[in-house]
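Q:
Number of protein chains: 2
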Amino acid sequence: MTRSEENYIKTIYHLGDAGMHSVPTNAIASQLKTQPSSVTDMIKKLSDKKYVHYKKYRGVYLSEKGINAALTIIRKHRLWEVFLAEKLGFNWDEVHDVAEQLEHIKSEKLIDKLDAFLNFPKYDPHGDPIPGKNGELAQRSLQLLSSLQPNDEGICVGVKDSSVTFLKFLDKHNISLGDHIKILDAEEFDESLTIQIDNKNLHISKRIATNLFIKPVRE
Amino acid sequence: MTRSEENYIKTIYHLGDAGMHSVPTNAIASQLKTQPSSVTDMIKKLSDKKYVHYKKYRGVYLSEKGINAALTIIRKHRLWEVFLAEKLGFNWDEVHDVAEQLEHIKSEKLIDKLDAFLNFPKYDPHGDPIPGKNGELAQRSLQLLSSLQPNDEGICVGVKDSSVTFLKFLDKHNISLGDHIKILDAEEFDESLTIQIDNKNLHISKRIATNLFIKPVRE
DNA sequence: ATTTATTTTTAGATTTACCTAAATATATGA
DNA sequence: TCATATATTTAGGTAAATCTAAAAATAAAT
Ligand SMILES: [Mn+2]
Ligand SMILES: [Mn+2]
Ligand SMILES: [Mn+2]
Ligand SMILES: [Mn+2]
Numbered sequence: 001m002t003r004s005e006e007n008y009i010k011t012i013y014h015l016g017d018a019g020m021h022s023v024p025t026n027a028i029a030s031q032l033k034t035q036p037s038s039v040t041d042m043i044k045k046l047s048d049k050k051y052v053h054y055k056k057y058r059g060v061y062l063s064e065k066g067i068n069a070a071l072t073i074i075r076k077h078r079l080w081e082v083f084l085a086e087k088l089g090f091n092w093d094e095v096h097d098v099a100e101q102l103e104h105i106k107s108e109k110l111i112d113k114l115d116a117f118l119n120f121p122k123y124d125p126h127g128d129p130i131p132g133k134n135g136e137l138a139q140r141s142l143q144l145l146s147s148l149q150p151n152d153e154g155i156c157v158g159v160k161d162s163s164v165t166f167l168k169f170l171d172k173h174n175i176s177l178g179d180h181i182k183i184l185d186a187e188e189f190d191e192s193l194t195i196q197i198d199n200k201n202l203h204i205s206k207r208i209a210t211n212l213f214i215k216p217v218r219e
Numbered sequence: 220m221t222r223s224e225e226n227y228i229k230t231i232y233h234l235g236d237a238g239m240h241s242v243p244t245n246a247i248a249s250q251l252k253t254q255p256s257s258v259t260d261m262i263k264k265l266s267d268k269k270y271v272h273y274k275k276y277r278g279v280y281l282s283e284k285g286i287n288a289a290l291t292i293i294r295k296h297r298l299w300e301v302f303l304a305e306k307l308g309f310n311w312d313e314v315h316d317v318a319e320q321l322e323h324i325k326s327e328k329l330i331d332k333l334d335a336f337l338n339f340p341k342y343d344p345h346g347d348p349i350p351g352k353n354g355e356l357a358q359r360s361l362q363l364l365s366s367l368q369p370n371d372e373g374i375c376v377g378v379k380d381s382s383v384t385f386l387k388f389l390d391k392h393n394i395s396l397g398d399h400i401k402i403l404d405a406e407e408f409d410e411s412l413t414i415q416i417d418n419k420n421l422h423i424s425k426r427i428a429t430n431l432f433i434k435p436v437r438e
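Here's what the structure looks like:
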């Protein structure tokens, strides 16, 4: 698999919700910042190679083979992110771009050894689950912070938006994964929330609340 | 710089003895397993970009810019080799191929952090010096084992041939870098040597002796 | 100094991953 | 339903890095 093929497969996986539904050509094009015609070309190649199912004008979705390929790349990407953050001291907003390169290194042994070296982590620095060697994905019961009610409590376990700006915003307000969060008040007007985090009170907008994953804890 | 350009620069550096003298087209072609005509094409590009000095039919040699580029790539290659061997437990005959891929990852921050994580190593697993951030190369006084006389002693600090077969041979006979070696006897007929290593006596052929670097120690 | 052999370059193709512009299919909405 | 808007594909092209075959330059050998 070429680097380009890998990037397409990964993109189709993410856009198609883990290979569940089909993905329109234009969505892939805008994600990869290429022209739709380039996507059509590549889709044909991936289809010939049986990574995707494709019917003209009907979008693509990943085959079993394609899903496995995607999971392998995502596994590598996320393990490298853990390495960069845990071992090299990168901030969580810096790991993604470098991991985009490292994910294409071809060596099964390297990934297995890296996995062991990192102590078989289950989640990456953004709280996303790391697929196992055979593609197993940890599934957690988690909800968006925005869906909680006053007095609900939980642990912050992931970010939905992992853009640099959002991650830097969280840093600025001292919100990190693992933090215990309790909803103190919900403002009906703008759906903003007052939360208790790290024993301090914080008022956050709806926008923020819809991008933080919480694992609820029984009071 | 593209990956291909980097590979050419690195090859020219090695074949031209650290950029000292010029390198014939065919040498580059056979090293990179490409056709001489492909080399000519690339050389023209590298010349346009001022990485090499080139006169038709006269071979190429690296410019100052080219030497710096080469040292950067070699620095990355060797740091990754140290990482693979020291941190991930790769054997020294397995690190090179993976490092060939890792050396092309583009992130200055990554390399600086990796360097620090590894505790600023001066040599790679084969005893080759690791260029510093500004291209400084440690120079040691070292000679080939084959050049020593009976009763001379030294520390084994590097391999000249770092092919998988030679490294595996050394493993088999328990020869590793850092070992103290003393010449017991030199056979004039076939230039083989009897050496004391690790308190055991070993008889080695000329071929072996010309591929081990020794740092002599005063008796 | 010629001839012959070797090395290197040129000329012209090929493959991959892109692109633009035009054609065509699908979706939307009056 | 039929016209219009949008999405997608086709057709034809480009740049990078390769290749083969042929031409030209250099080196080696008589
Ligand atoms: Mn990422
Ligand atoms: Mn991530
Ligand atoms: Mn190496
Ligand atoms: Mn090495």
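For the protein sequence lines, the chains are A and B, in the order given. Oh and the first sequence: position 165 is 165 in the numbering used here, straight run, nothing missing. To convert, count from 1 in the second sequence and add 219; that's the numbering used here. Backbone N, C-alpha and C fix where the C-beta goes; we use that ideal spot for every residue, glycine too.
Could you tell me whether any Cβ in chain A is nearer than 8 Å to the Cβ of B:K264?
A: Closer than 8 Å: no.
Q: For a contact meaning CB atoms closer than 7 Å, what does A:G154 contact in chain B?
A: The contacting residues do not exist; A:G154 stays about 33 Å from chain B at best.
Q: Would A:K52 and A:L46 be called neighbours here (beta carbons separated by less than 8 Å)?
A: According to the sequence shown, residue 52 of chain A is Val rather than Lys. Against a cut-off of 8 Å, the Cβ pair of A:L46 and A:V52 comes out as a contact.
Q: Measure the C-alpha to C-alpha separation of A:W80 and B:H422 and round it to an integer number of angstroms.
A: The straight-line gap from Cα to Cα measures roughly 45 Å.
Q: Whose CA, out of B:L356, B:L329, B:T230, B:V242, lies closest to the CA of B:K252?
A: For the residues B:L356, B:L329, B:T230, B:V242, the minimum Cα distance to B:K252 belongs to B:T230.
Q: Could you check if B:H233 belongs to the surroundings of ligand 3, using beta carbon to heavy atom distance under 7 Å?
A: Because no heavy atom of ligand 3 lies under 7 Å away, the Cβ of B:H233 does not count as near it: no.
Q: Just by C-beta distance, which residues in the stretch 327-351 of chain B are closer than 9 Å to chain A?
A: So the list reads K328, L329, K332, L333, A335, F336, given in the order they occur along the chain.
Q: Could you spell out the range, first to last residue, of the beta strand (DSSP E) harbouring B:T413?
A: 412-416 is the extent of the beta strand (DSSP E) around B:T413.
Q: In terms of residue numbering, what span does the alpha helix (DSSP H) encompassing B:F302 cover?
A: Careful: B:F302 lies outside any alpha helix (DSSP H) and carries neither H nor E.
Q: Counting C-beta neighbours from all protein chains within 10 Å, is the total for A:S146 16 or more, i.e. buried, or is it exposed?
A: Buried, because 16 or more other Cβ atoms sit within 10 Å of the Cβ of A:S146.
Q: Pick from A:K106, A:P36, A:V23, A:K206: whose alpha carbon is nearest that of A:A69?
A: Of A:K106, A:P36, A:V23, A:K206, the residue nearest in Cα terms is A:K106.
Q: Within the structure, which residues are defined as neighbours of ligand 3 by a Cβ-heavy atom distance below 6 Å, reported in chain order?
A: Residues flagged by the Cβ proximity filter: B:H296, B:E300, B:H315, B:A318.
Q: Pull up the distance between the alpha-carbon of B:K284 and that of A:D41, whole angstroms please.
A: Those two C-alpha atoms are separated by around 39 Å.
Q: Residues bridged to B:D404 by DSSP?
A: BP columns for B:D404 point to B:T413.
Q: Assuming B:G377 and B:F432 form a contact by the criterion Cβ under 8 Å, report the distance between their Cβ atoms to the nearest whole angstrom.
A: 4 Å between Cβ atoms; contact.
Q: Cβ closer than 8 Å: which chain B residues qualify as neighbours of A:V95?
A: Per Cβ cutoff of 8 Å: no residues; A:V95 is ~10 Å from chain B at best.
Q: How many whole angstroms separate the CB atoms of B:P435 and B:A405, which I take to be in contact at a CB cut-off of 8 Å?
A: Going by Cβ atoms, the distance from B:P435 to B:A405 rounds to 15 Å, so no, they are not a contact pair.
Q: Take the Cβ of A:T72 as the centre, count every other Cβ of all protein chains shown within 10 Å, and call the residue buried at 16 or more, exposed below.
A: Answer is buried; the Cβ neighbour count reaches 16.
Q: Taking DSSP as the reference, what is the three-state secondary structure of A:I130?
A: It is coil, neither helix nor strand.
Q: Going along the chain, which residues of its own chain have a beta-carbon closer than 6 Å to the beta-carbon of B:P243, five neighbours each way excluded?
A: So the qualifying residues of the chain are G278.
Q: Pull up the distance between the alpha-carbon of A:N174 and that of A:I195, whole angstroms please.
A: The alpha-carbon atoms of A:N174 and A:I195 are separated by roughly 13 Å.
Q: Using the C-alpha atoms, what's the distance from A:P36 back to A:Y57?
A: Distance between the alpha carbons of A:Y57 and A:P36 is about 12 Å.
Q: Going by C-alpha distance, which of A:Y54, A:L193, A:G135, A:D161 is nearest A:E153?
A: Measuring from the Cα of A:E153, the nearest candidate turns out to be A:L193.
Q: Can you tell me which of the three DSSP states A:P35 falls into?
A: The amino acid at residue 35 of chain A is misidentified as Pro; the sequence shows Gln. Note: A:Q35 maps to coil in three-state DSSP.
Q: What number of angstroms, rounded off, separates the C-alpha of A:D124 from the C-alpha of A:V164?
A: When rounded, the distance between both Cα atoms is 15 Å.
Q: By how many angstroms is the C-alpha of B:Y273 removed from the C-alpha of B:F385?
A: If you take the alpha carbons of B:F385 and B:Y273, they lie about 35 Å apart.
Q: Have a look at the DSSP bridge pairing and note the partners of A:I9.
A: Answer is none; A:I9 lacks a bridge partner.
Q: Less than 8 Å between CB atoms is the rule here; does B:G308 satisfy it with respect to chain A?
A: Chain A contact via Cβ: present.
Q: State the DSSP-derived secondary structure class of A:E153, mapped to helix, strand or coil.
A: Strand at A:E153.
Q: Whose Cβ in chain B lies nearer than 7 Å to the Cβ of A:L102?
A: Those are I324, listed as they occur along chain B.
Q: Could you pull the DSSP bridge partners for B:I423 from this structure?
A: In the DSSP output, where bridge partners are listed per residue, B:I423 has B:L412.
Q: Taking only the alpha-carbon atoms, compute the straight-line gap between A:E108 and B:H315 and give it to the nearest angstrom.
A: Near 15 Å, if we compare the C-alpha coordinates of B:H315 and A:E108.
Q: Can you round the beta-carbon distance between A:L88 and B:L333 to whole angstroms, since I take them to be within the 8 Å contact cut?
A: Indeed they touch by this definition, with Cβ atoms about 6 Å apart.
Q: Chain B partners of A:V164, CB-CB under 7 Å?
A: Within chain B, no residue comes near A:V164; the closest Cβ sits about 14 Å away, beyond 7 Å.
Q: What residues of chain B sit near A:V82, judged by a beta carbon separation below 9 Å?
A: None at all; the shortest Cβ gap to chain B is about 14 Å.
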